[in-house]
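Taken in order, these protein sequences are the chains called A and B.
The opening residue of the first sequence carries number 0 in numbering that gives the first Met the number 0; numbering runs sequentially from there.
The opening residue of the second sequence carries number 0 in numbering that gives the first Met the number 0; numbering runs sequentially from there.
Where is the CB? At the ideal position from N, CA and C, for every residue including glycine.
Nothing here was measured: the structure is a model prediction, and the numbers come from that model.
Inspection log for the structure reproduced underneath, given as structure tokens.
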Amino acid sequence: MNKPFLVTEHLSYTYPNEGGEVHYALHDLSLSIEQGSFVAVLGHNGSGKSTLAKLLNGILVPTAGTVMVNGLDTRPEENIFDIRKTIGMVFQNPDNQLVSSIVEEDVAFGPENLGIEPAEIRRRVDEALKAVGMEDAKDRAPHTLSGGQKQRIAIAGVLAMQPKCIVFDESTAMLDPRGREEIMHTIHRLKNELGLTVILITHYMNEAAVADRVIVLNEGSLVLDGTPREVFSEVETLWKIGLDVPQTAELLHLLNQNDAVLKSGLIKGGVLDEDETLALLEKLLGGAK
Amino acid sequence: MLKDITLGQYFPGKSLLHTLDARVKLVCALVYIVAVFLCFSTLSYAALLLLTLGLILLSKISVKVILKGLKPVVFIATFTAIINLFWVQGTTPLFVLGPITVYPEGVAGAIFMLIRIVSLVIGSTLLLTYTTSPMALTDAMERLLSPLKLIKVPVHEFAMMMTIALRFVPTLVTETDKIICAQKARGADFESGNLIQRAKALIPVLIPLFVSAFRRADELAVAMECRCYRGGEGRTRMKSLHTRPSDFATLLFFLGAAVGLFFLNTLSNALWLY
Ligand SMILES: Nc1ncnc2c1ncn2[C@@H]1O[C@H](COP(=O)(O)OP(=O)(O)OP(=O)(O)O)[C@@H](O)[C@H]1O
Ligand SMILES: [Mg+2]
């Protein structure tokens with residue numbers, strides 16, 4: 000087991016509001032995320048996912064509790080710079096993250112802020128653009144690129160800062176299926192090749208199904224936390240808080256309600272990928288014959 | 000319909016103009032603009048035309064692109080040219096057309112005005128936007144104005160605002176197009192009525208545009224903070240600006256050209272040309 004990289008303890012956050020009653024956007028959240036892991040965060044609209052993301056790199060400061068990033072507390076002002084160097088963020092709308100009208104100059108923006116030597120910035124920018132497969136677009140203007148390509152530039156901009164962890168806040172939400180595929184593919188490759196810690200906030204269950212760990216938030220509180228297999232076997236709980244489950248998990252859940260299938264003892268529960276489901280269905284159908 | 004705004008567009012390349020130091024180009028552009036206003040005579044206008052053509056050739060940017068960039072000034076250029084044509088009084092009329100008398104001086108004035116406006120636009124866009132990346136340009140401005148930091152002028156912030164503005168012009172233009180289409184689909188009428196009615200029709204376009212621009216600004220600010228932005232302090236640049244001998248030569252050339260253009264006026268007068 001790796002050492003914990005991100006630790007939150009009894010983390011709560013309320014947005015400042017004029018109205019009297021206190022509404023927790025996040026409430027008493029204690030998490031520990033290891034270095035190099037791939038964590039998916041699920042939850043319906045307003046469940047506090049973006050709030051959590053912004054708390055992780057000090058854009059928001061906890062109302063109560065603490066966030067520790069690589070041993071640094073996010074509260075003291077002097078830690079913020081180092082924390083943001085360690086955790087990169089990619090947001091939903093690629094248009095609103097790009098600063099410059101030239102792709103490579105945009106990618107250079109982060110490292111420039113870090114005060115790195117020009118030659119080293121050049122090297123990092125080329126490397127980052129290559130990592131997301133956009134080295135041919137380095138002189139283009141962002142508005143001439145597709146959504147998926149813009150999002151890859153945004154990722155390159157974060158990569159060029161050489162963070163240890165990247166948080167993706169619904170970074171595929173505005174893309175078409177093809178763009179989404181591009182980004183997910185890039186994320187997986189980066190995770191495997193660079194050993195990045197990835198925190199993926201998403202509404203797409205099949206994106207979450209391939210993570211190492213799934214965290215489910217509801218109304219600012221932690222509801223489920225475990226491997227995709229464990230989390231997606233809680234079909235009833237997920238449905239109750241208004242979330243979908245992957246189709247394979249739903250199929251299994253429905254099959255499980257059938258006595259004959261249950262008795263056959265073939266289904267142990269938990270999410271399975273398409274291949275496993277296919278094998279299982281073949282077995283079931285074979286048994287029925 | 001708003002798509003053909005080429006203002007603030009950069010065409011990457013490797014020409015001499017592209018490789019010049021952006022600070023030098025900025026100063027040259029200023030010298031060039033002053034030079035344009037120093038022209039009063041046939042000879043100097045001819046020389047100005049040559050200078051502008053030379054710049055186009057040096058930039059290796061296609062003439063088509065340059066002509067497209069002139070589109071926004073076509074109206075104002077023809078308008079001022081026509082005014083000149085009819086208003087300038089001379090001694091011997093060229094021809095009389097009803098109440099209008101055209102003098103040769105008027106024709107010359109119109110042509111000069113055209114040359115002046117066209118060279119002004121071509122020269123400054125060539126030097127400043129077509130061959131200079133927006134980042135290099137704002138960087139150059141920041142460096143040239145940096146002495147003002149001593150008297151607490153927020154030079155870096157100003158330059159950053161310019162960069163972002165240039166970055167978001169195309170985005171907001173596309174968005175405006177979309178909103179206009181959406182409002183048209185709901186029956187909004189932008190093409191008829193008097194000026195006031197048309198201006199009023201734009202309100203339902205401007206409000207959503209502003210709302211969205213503020214949302215974008217908010218998100219961009221967060222994204223920039225996430226990328227460790229904290230103002231100009233301690234920031235380095237990937238492309239640092241370097242001045243080379245060719246830069247000094249260009250600057251001298253432009254200064255020389257401005258002075259030359261000015262003295263061509265005197266020569267022109269001496270030769271009894273316009
Ligand atoms: N700037 C803000 N000011 C006040 N309240 C806010 C603000 N941003 C979010 N909230 C509230 O905090 C709660 C959590 O919001 P958050 O944006 O974290 O949700 P989310 O899980 O990211 O939702 P979504 O899936 O829609 O992105 C919501 O109840 C929301 O209304
Ligand atoms: Mg959100």
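CB-CB length for B:R166 against A:S100, believed under 8 Å:
Against the second sequence, residue 166 of chain B aligns to sequence position 167. Against the first sequence, residue 100 of chain A aligns to sequence position 101. Yes, they are in contact, since the Cβ atoms of B:R166 and A:S100 sit about 5 Å apart, within 8 Å.
To be precise: take each residue of the stretch 218-232 of chain B, compare its Cβ to all Cβ atoms of chain A, and keep it if any distance is under 8 Å. Which residues remain?
E218, L219, V221, A222, M223, E224, C225, R226, C227, Y228 and R229
Which runs of the beta strand (DSSP E) fall wholly inside the stretch 52-135 of chain A and span at least 3 residues, in chain order?
As far as the stretch 52-135 of chain A is concerned, its whole beta strand (DSSP E) runs of at least 3 residues are 63-68 and 86-89.
Relative to ligand 2, is the shortest distance from any of its heavy atoms to the C-beta of B:E218 smaller than 7 Å?
Position 219 of the second sequence, counted from the first residue, corresponds to residue 218 of chain B. Incorrect: B:E218 has no Cβ contact closer than 7 Å to ligand 2.
Report the CB separation of B:T131 from B:K13 in whole angstroms; it is logged as a contact under 8 Å.
Counting from one through the second sequence, the residue named residue 131 of chain B turns up at place 132. Counting from one through the second sequence, the residue named residue 13 of chain B turns up at place 14. The Cβ separation is near 13 Å, so there is no contact.
Could one say the Cβ of A:L107 lies closer than 8 Å to chain B's Cβ atoms, at least one of them?
As a first step, residue 107 of chain A must be located in the first sequence, where it is residue number 108. The displayed chain sequence assigns Ala, not Leu, to residue 107 of chain A. Contact of A:A107 with chain B is assigned, a C-beta pair being separated by under 8 Å.
Can you tell me where the beta strand (DSSP E) with B:T100 in it begins and where it stops?
Working through the second sequence from its first residue, we reach residue 100 of chain B at position 101. Note, B:T100: beta strand (DSSP E), I99 to V101.
Candidates A:L221, A:P110, A:T201 and A:E275: closest to A:L28 by CA position:
Indexing the first sequence from 1 puts residue 28 of chain A at position 29. Taking only the C-alpha atoms, the option nearest A:L28 is A:L221.
Per DSSP, the bridge partner or partners of A:I198:
Locating residue 198 of chain A in the first sequence gives position 199, where the first residue counts as 1. DSSP output for A:I198 lists A:V38 and A:V166 as bridge partner(s).
May I ask you to list the residues that DSSP assigns as paired with A:N205?
On the first sequence, residue 205 of chain A is found 206 positions in, with the first residue counted as 1. Note: A:N205 sits in no beta bridge, so no partner.
Please confirm whether any heavy atom of ligand 4 lies closer than 7 Å to the CB of A:E119.
Among the ligands present in this structure, namely ligand 1 and ligand 2, ligand 4 is not found.
Does any C-beta atom of chain A lie closer than 8 Å to the C-beta of B:I163?
Against the second sequence, residue 163 of chain B aligns to sequence position 164. Cβ-Cβ to chain A under 8 Å: yes for B:I163.
Could you tell me whether the Cβ atoms of A:K84 and A:P162 are closer together than 8 Å?
Numbered from 1 along the first sequence, position 85 holds the residue referred to as residue 84 of chain A. Numbered from 1 along the first sequence, position 163 holds the residue referred to as residue 162 of chain A. Yes, the Cβ-Cβ distance between A:K84 and A:P162 is below 8 Å.
Counting only Cβ pairs nearer than 8 Å, list the residues of chain B close to A:R212.
Numbered from 1 along the first sequence, position 213 holds the residue referred to as residue 212 of chain A. Result: empty, since nearest Cβ-Cβ is about 23 Å, beyond 8 Å.
A:E111 beta carbon less than 8 Å from that of A:D125:
Stepping through the first sequence from its first residue, residue 125 of chain A is reached at position 126. Stepping through the first sequence from its first residue, residue 111 of chain A is reached at position 112. One thing to note: A:D125 has its Cβ no nearer than 8 Å to the Cβ of A:E111.
By how many angstroms is the C-alpha of B:L251 removed from the C-alpha of B:L19?
Locating residue 19 of chain B in the second sequence gives position 20, where the first residue counts as 1. Locating residue 251 of chain B in the second sequence gives position 252, where the first residue counts as 1. Looking at the two C-alpha atoms, the distance is approximately 13 Å.
With distances taken from CA atoms, which of A:V244, A:P227, A:R228 and A:G225 is nearest A:V234?
Translated into positions along the first sequence, residue 234 of chain A becomes position 235. When each option's Cα is compared against that of A:V234, the closest is A:V244.
Which of the three DSSP states, helix, strand or coil, is assigned to A:V244?
For the purposes of this step, residue 244 of chain A is identified with residue 245 of the first sequence, where counting begins at 1. Residue state, collapsed to three classes: coil.
Can we count A:E218 as close to ligand 2, meaning its CB is less than 7 Å from some heavy atom?
To locate residue 218 of chain A, count along the first sequence from 1; it is residue 219. Because no heavy atom of ligand 2 lies under 7 Å away, the Cβ of A:E218 does not count as near it: no.
What residues from chain A crowd round B:T79, counting only those whose CB sits closer than 7 Å?
What you label residue 79 of chain B is simply residue 80 of the second sequence in a count that begins at 1. By Cβ distance, chain A contributes nothing, its closest Cβ being about 32 Å from B:T79, past 7 Å.
Keeping to the same chain, check which residues put their C-beta closer than 6 Å to that of B:L125; ignore five residues upstream and five downstream.
Here residue 125 of chain B corresponds to residue number 126 of the second sequence, with the count starting at 1. Taken in chain order, the residues that qualify are L54 and S58.
Which chain A residues sit within Cβ distance under 8 Å of B:Y9?
Translated into the one-based positions of the second sequence, residue 9 of chain B becomes position 10. In chain order: S100, I101 and A140.
Determine the contact status of A:V213 and A:I165, defining contact as a CB-CB distance below 8 Å.
In the first sequence, counting from the first residue as 1, residue 213 of chain A sits at position 214. In the first sequence, counting from the first residue as 1, residue 165 of chain A sits at position 166. Result no, Cβ atoms of A:V213 and A:I165 do not sit closer than 8 Å.
Quick check: the Cα distance between B:F157 and A:I120, rounded to an integer number of angstroms?
Here the question's residue 157 of chain B lines up with position 158 in the second sequence. Here the question's residue 120 of chain A lines up with position 121 in the first sequence. C-alpha separation (whole angstroms): 24 Å.
State the start and end residues of the unbroken alpha helix (DSSP H) segment that holds B:G255.
In the second sequence, counting from the first residue as 1, residue 255 of chain B sits at position 256. Its alpha helix (DSSP H) spans residues P244 to A269.
Determine, using beta carbons only, whether A:G194 comes closer than 8 Å to chain B.
In the first sequence, the residue the question calls residue 194 of chain A occupies position 195. For A:G194, the answer is no, since every Cβ of chain B falls outside 8 Å of its Cβ.
Say whether chain B places a C-beta atom closer than 8 Å to the C-beta of A:N78.
As a working note, residue 78 of chain A is residue 79 in the first sequence. Output row for A:N78: interface = no.
Rounded C-alpha distance that separates A:T236 from A:G45
Locating residue 236 of chain A in the first sequence gives position 237, counting from the first residue. Locating residue 45 of chain A in the first sequence gives position 46, counting from the first residue. The alpha-carbon of A:T236 is positioned some 18 Å away from that of A:G45.
Compute the beta-carbon to beta-carbon distance between B:V204 and B:T175, rounded to the nearest angstrom, for a pair I have assumed lies under 8 Å.
Counting from 1 along the second sequence, the entry for residue 204 of chain B is found at position 205. Counting from 1 along the second sequence, the entry for residue 175 of chain B is found at position 176. That pair is a contact at about 7 Å.
Run of the alpha helix (DSSP H) containing A:N191, from where it starts to where it stops
As a position in the first sequence, residue 191 of chain A is number 192, starting the count at 1. Taken as a continuous stretch (DSSP letters only), the alpha helix (DSSP H) holding A:N191 covers P176 to L193.
Alpha carbon to alpha carbon, what distance is there between B:T77 and B:E104?
Working through the second sequence from its first residue, we reach residue 104 of chain B at position 105. Working through the second sequence from its first residue, we reach residue 77 of chain B at position 78. If I take the Cα positions, the gap works out to 17 Å.
Sheet register partners of A:I12 (DSSP bridge):
Counting from 1 along the first sequence, the entry for residue 12 of chain A is found at position 13. A small correction: the amino acid at residue 12 of chain A is Tyr; Ile does not occupy that position in the sequence shown. A:Y12 is bridged to A:L25.
Give me, in chain order, the residues of the same chain whose beta-carbon lies closer than 7 Å to that of A:D81; leave out the 5 immediate sequence neighbours on both sides.
The residue you call residue 81 of chain A lines up with position 82 of the first sequence. Within the same chain, and ignoring the five residues on either side of A:D81 in sequence, the residues whose Cβ sits closer than 7 Å to its Cβ are L71.
Express the C-alpha separation of B:I206 and B:A181 in angstroms, rounding to a whole number.
Numbered from 1 along the second sequence, position 182 holds the residue referred to as residue 181 of chain B. Numbered from 1 along the second sequence, position 207 holds the residue referred to as residue 206 of chain B. Rounded to the nearest angstrom, the two C-alpha atoms are 13 Å apart.
According to DSSP, is B:F36 helix, strand or coil?
For the purposes of this step, residue 36 of chain B is identified with residue 37 of the second sequence, where counting begins at 1. Under the three-state reduction of DSSP output, B:F36 falls in the coil class, being neither helix nor strand.
Relative to ligand 2, is the shortest distance from any of its heavy atoms to the C-beta of A:S170 smaller than 7 Å?
Position 171 of the first sequence holds residue 170 of chain A. The answer is no for A:S170.
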